[in-house]
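Data block below; observations after.
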Amino acid sequence: MTTCICPVCRARNSLADRCRRCRADLSWLRACEEYRVYWLTAARCALADGDLDRAASSLRTAEQIRQAADTAKWRAVAALIQGNYAAAWNYYQEARNEGD
Ligand SMILES: [Zn+2]
Numbered sequence: 002m003t004t005c006i007c008p009v010c011r012a013r014n015s016l017a018d019r020c021r022r023c024r025a026d027l028s029w030l031r032a033c034e035e036y037r038v039y040w041l042t043a044a045r046c047a048l049a050d051g052d053l054d055r056a057a058s059s060l061r062t063a064e065q066i067r068q069a070a071d072t073a074k075w076r077a078v079a080a081l082i083q084g085n086y087a088a089a090w091n092y093y094q095e096a097r098n099e100g101d
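Every number in our numbering is 1 more than the matching position in the sequence shown, counting from 1.
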């Protein structure tokens with residue numbers, strides 16, 4: 002489950018509309034996460050289609066919203082498809098270190 006830190010009180014929350022502690026509106030965080038997941042899905046579809054340029058563009062958009070282990074994981078997959086094993090290894094390590 003994806004969690005977030007409330008920008009008001011720093012409480013860790015699930016992606017609910019309100020902070021469990023201070024009741025701050027977190028709906029915009031959830032909307033951003035849904036948008037990021039949309040772009041990750043688009044990247045996966047592009048990789049399945051063999052369209053590496055479209056996959057890279059979708060991953061870039063997802064990363065602009067939030068850096069996370071799953072974007073590094075998909076970058077590793079793209080690098081493997083391209084035969085760039087050194088980059089794939091680096092992205093794999095990045096994904097392991099971010100581990101969300
Ligand atoms: Zn809060």
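All residues carry an ideal CB built from backbone N, CA and C; glycine is no exception.
* Sort W29, L53, L16 and A12 by Cα distance to C23 and report the nearest one. => Here residue 23 refers to the residue found at position 22 of the sequence shown. Cα-wise, what sits closest to C23 is A12.
* Quick one: complete alpha helix (DSSP H) runs, 4+ long, within the region 25–77? -> 28–50 and 53–66
* R22 Cβ short of 7 Å to ligand 1 heavy atom set -> Stepping through the sequence shown from its first residue, residue 22 is reached at position 21. Answer for R22: yes, Cβ within range of ligand 1.
* To do: Give a single yes or no on whether A17 has its beta carbon closer than 7 Å to a heavy atom of ligand 1.
  => Here residue 17 refers to the residue found at position 16 when the sequence shown is read from its first residue. Taking non-hydrogen atoms of ligand 1 into account, the C-beta of A17 is found less than 7 Å away from none of them.
* Among N85, G84, L41 and E35, the one whose alpha carbon lies nearest that of R55 -> Start at 1 with the first residue of the sequence shown, and residue 55 comes out as number 54. With distances taken between Cα atoms, R55 lies closest to L41.
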